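To start, the structure itself, in structure tokens.
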Amino acid sequence: MLPSFLDSVVQLIARTSTDLPPDVRKAMGIALAEEDRSTRAGQALNVIAQNIDQAASCEGPICQDTGMPTFEVKVPVGANQIWMKAQIREAVAEATRRGKLRPNSVDSITGENTGNNLGPGTPIIHFEQWERDAIEIKLILKGGGCENTNAQYALPAELDHLGRADRTLEGVRKCILHAVWKAQGKGCSPGAVGVCVGGDRTSGYLHAKEQLFRTLDDTNPDPRLAELEQRIMNEANTLTVGPMGFGGKTSLIGCKIGALNRLPASFFVSIAYDCWAFRRLGVVLDPTSGAIQSWLYREGTTPSVPLLKPEEIAAGFPASGREVRLTAPIPEEQIRALHVGDVVLISGPAFTGRDAVHSYLMKHDAPVDLRGGVLYHCGPVVVKDATEASGWRITAAGPTTSIREEPYQAEILERYGVRVVIGKGGMGAKTLAGLKQSGAVYLNAIGGAAQFYARCITKVTGVDLMEFGIPEAMWHLEVKDFPAIVTMDAHGNSLHKEIEEASGVQLEAAAGG
Ligand code: SF4
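Written out as structure tokens, the structure is:
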């Protein structure tokens, strides 16, 4: 019907997954410029900037979690939406085959991965008719870590550090600040929030996500909401949550607020949190051929302006000289010598493990010897490659959110003698106690830095538990100088707890406005 439609959608998906739009790059460039490069926050932003540039230049996924593909499609009256929906689904499967999307759609009952990102509810496609004779498709790829930090408040409510939030714009302000504080680094800050004031529970979340289709530097046409957006930007960036929750100057790169009418009895504030890997693009298509007429959010196919100079990218991790080098298997005394805030460079074997692996290890023997080992909370993007000895090549491999493994981690440390857990966002009190007892550390890698970390993996040496699907399998890796920060040590200290408490004090200061 429209001969170029399928190819246009594949191009849209590939570009969205691999190349951040200019407004997000600009916001991240400002964050990078404001942070001292020698601090934890500065090092984290440098790695993020390298990752953004590397992804664009090699056309690889910016983050290994390519998220829930959500399409907003506007079509002329009379367009065949059934056919377009089938074509968009085929384009998603094709982009998955090409490694631009990670297989991310799992059966909610069995946990089985469909392998092609297709299934009930995935991808999400919304159609709307308009009077123009053109087809517009916008796409956002929002990952699980930031999706899990979304929040919905029913006002009036009592909020930690902020007191009562009433059914007023002042109450809305408190909810947004609370959500940013609560997210800490779990959603890979610095992030952006889309907010809906009002609606019902369902339409509120939908409208909040729709706000993320606005550019970060636009101005809200409603002056009351424009003022609130600006105020939130100023106040949220005094919280010192910072990049990845390491502390620092930039916690938020965007705040976009919309409003829907509500029932008199309800007052919801719905908040969609998106991470720094804010992947959102769009295209306008010719209605007779489906060919791309123009791109939205960016200047055509003009290459993006890099965030860093070539020599800065070539230099790799911005080492301060104080880094601690560790090679697995790691003796206990080396682990007990580490303290919160130390930056380490890990080399040697490492094994990936997410939810399915952790659940498996609680009931079965480990398929490999993990004593002294490194367990990496990571669901990589992996493609078959006959030129590699193992037959596999990792194309994206950043950390996943660790808190999901909280029920299992302490027991796994003790049972298998794991010395290092790498992930993002930190873990809870049970794991902190387990680290102390077993002589292990938790390292926070830079969330979303999938290209950067893929380059720290020198080879794949094997894989176990492939029945769980590619992201959930246990991949055997060889890593070299893999950088991460000790955020939970073997002495009972947690940087996450410290930053949460310190930013809570800042939140209280903001309460009075
Ligand atoms: S950058 Fe972080 S929160 Fe965003 S998709 Fe990647 S892992 Fe998830």
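Position one of the sequence shown corresponds to residue 148 (the numbering used here), numbered consecutively onward. Backbone N, C-alpha and C fix where the C-beta goes; we use that ideal spot for every residue, glycine too. Since the structure is predicted, the reported quantities are computational estimates derived from the model, not experimental observations.
Spatial distance of residue i from residue j (CA atoms)
| i | j | result |
| --- | --- | --- |
| ALA543 | PHE599 | 8 Å |
| GLY292 | ALA191 | 17 Å |
| SER549 | THR499 | 12 Å |
| MET574 | ARG426 | 27 Å |
| THR402 | GLU647 | The question names Thr, but residue 402 is Cys in the sequence shown. Whole-angstrom Cα-Cα distance: 21 Å. |
| CYS205 | THR165 | 8 Å |
| LEU359 | ASP365 | 11 Å |
| GLY520 | ASP611 | 16 Å |
| HIS674 | ALA461 | The structure shown does not extend to residue 674, since the chain is modelled only from 148 to 660, so the question has no answer here. |
| HIS505 | GLU625 | 20 Å |
| ASP200 | PRO208 | 11 Å |
| ASP516 | TYR563 | 8 Å |
| GLY526 | GLN331 | 22 Å |
| LEU363 | LEU407 | 21 Å |
| ARG279 | VAL222 | 8 Å |
| GLY447 | GLU376 | 29 Å |
| ALA438 | SER155 | 6 Å |
| GLU553 | ASP307 | 23 Å |
| ALA178 | LYS396 | 8 Å |
| ASN227 | LEU454 | 41 Å |
| LYS356 | PHE218 | 12 Å |
| GLY616 | TRP423 | 27 Å |
| ALA383 | CYS322 | 12 Å |
| GLY609 | MET231 | 40 Å |
| ARG184 | GLN481 | 27 Å |
| LEU316 | THR435 | 46 Å |
| GLY338 | ILE379 | 13 Å |
| LYS577 | ASN640 | 13 Å |
Distance CB(residue i)-CB(residue j) smaller than 8 Å
| i | j | result |
| --- | --- | --- |
| LEU590 | VAL491 | yes |
| LEU443 | VAL452 | no |
| ALA596 | ILE195 | yes |
| GLY351 | SER441 | no |
| VAL239 | HIS273 | no |
| GLY318 | ALA326 | no |
| GLY581 | PRO546 | no |
| ARG566 | ALA587 | yes |
| ILE119 | ILE559 | Within the shown structure, residues of the chain are numbered from 148 to 660, placing residue 119 beyond reach of any answer. |
| ARG518 | GLU619 | no |
| GLY345 | ARG409 | yes |
| PHE152 | GLN234 | yes |
| LEU309 | LEU324 | yes |
| ARG236 | LEU265 | yes |
| PHE414 | ALA301 | yes |
| GLY495 | ALA475 | yes |
| GLY290 | ASP212 | yes |
| ARG162 | LEU428 | yes |
| MET391 | GLU294 | no |
Where residue i falls, given that 16 or more other Cβ within 10 Å makes a residue buried
| i | result |
| --- | --- |
| ALA412 | exposed |
| GLY405 | buried |
| HIS638 | exposed |
| PRO370 | exposed |
| ARG361 | buried |
| MET175 | buried |
| ALA497 | buried |
| ASN381 | exposed |
| GLU182 | buried |
| HIS511 | exposed |
| ARG320 | buried |
| ASP421 | buried |
| ALA484 | exposed |
| ILE282 | buried |
| ILE632 | buried |
| SER255 | exposed |
| THR634 | buried |
| MET621 | buried |
Nearest-angstrom Cβ-Cβ length linking residue i and residue j, presumed shorter than 8 Å
| i | j | result |
| --- | --- | --- |
| TRP328 | SER650 | 6 Å |
| THR296 | GLY268 | The Cβ separation is near 20 Å, so there is no contact. |
| PRO270 | GLY262 | Actually they do not touch by this definition, with Cβ atoms about 14 Å apart. |
| ALA180 | GLY394 | Incorrect: roughly 18 Å between the Cβ atoms, too far for contact. |
| ALA419 | GLY538 | Incorrect: roughly 39 Å between the Cβ atoms, too far for contact. |
| HIS524 | ASP636 | No, HIS524 and ASP636 are not in contact; Cβ-Cβ is about 18 Å, not under 8 Å. |
| LEU642 | GLY488 | 7 Å |
| GLY258 | ALA503 | 7 Å |
Short CB-CB distance (under 8 Å) between residue i and chain C
| i | result |
| --- | --- |
| HIS325 | Looking at the structure shown, chain C is missing, and only one protein chain is on hand. |
**Message:** Just to confirm the assignment: which complete beta strand (DSSP E) runs, minimum length 3, are found wholly within the region 571 to 630?
**Reply:** 588 to 591, 604 to 611
**Message:** Please give the ranges of any alpha helix (DSSP H) in the region 235 to 310, keeping only runs that are unbroken, at least 4 residues long and fully inside the region.
**Reply:** 291 to 294
**Request:** Counting only runs of 3+ residues fully inside the region 432 to 483, write out the beta strand (DSSP E) ranges in chain order.
**Result:** 439 to 443, 471 to 474
**Whole runs of the alpha helix (DSSP H) within the region 305 to 379, excluding any shorter than 4 residues** = 316 to 330, 348 to 358
**Request:** Within the region 402 to 435, note down every full beta strand (DSSP E) run reaching 3 residues or more, in order along the chain.
**Result:** 415 to 421, 426 to 432
**Prompt:** Which ranges would you report for the beta strand (DSSP E) in the region 495 to 525 if only whole runs of at least 3 residues count?
**Reply:** 521 to 523
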